[in-house]
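Residue numbers (UniProt numbering): 1 to 61. To start, the structure under review is shown below, and the notes come after it.
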């Protein structure tokens, strides 16, 4: 994968994470962002609730 392709992938995944409301650090790799999205989606679908990270953020506010 070229550097340009990797940069585009990172930007696309970061945009999807941001649009879905996942708090992401600029240092997160695309794999980390995808794992966060998967964990949150899995938790919502299989456990039936909000993700622990989201719940913590909401409590802080």
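For every residue, glycine included, the Cβ atom is placed at its ideal position computed from N, Cα and C.
query: Taking the alpha helix (DSSP H) that residue 37 belongs to, which residues open and close that run?; result: 30–42
query: Quick check on the DSSP output: the alpha helix (DSSP H) that includes residue 16 runs from which residue to which?; result: 3–19
query: Should residue 21 be labelled buried (16 or more other beta-carbon atoms within 10 Å of its own) or exposed?; result: exposed
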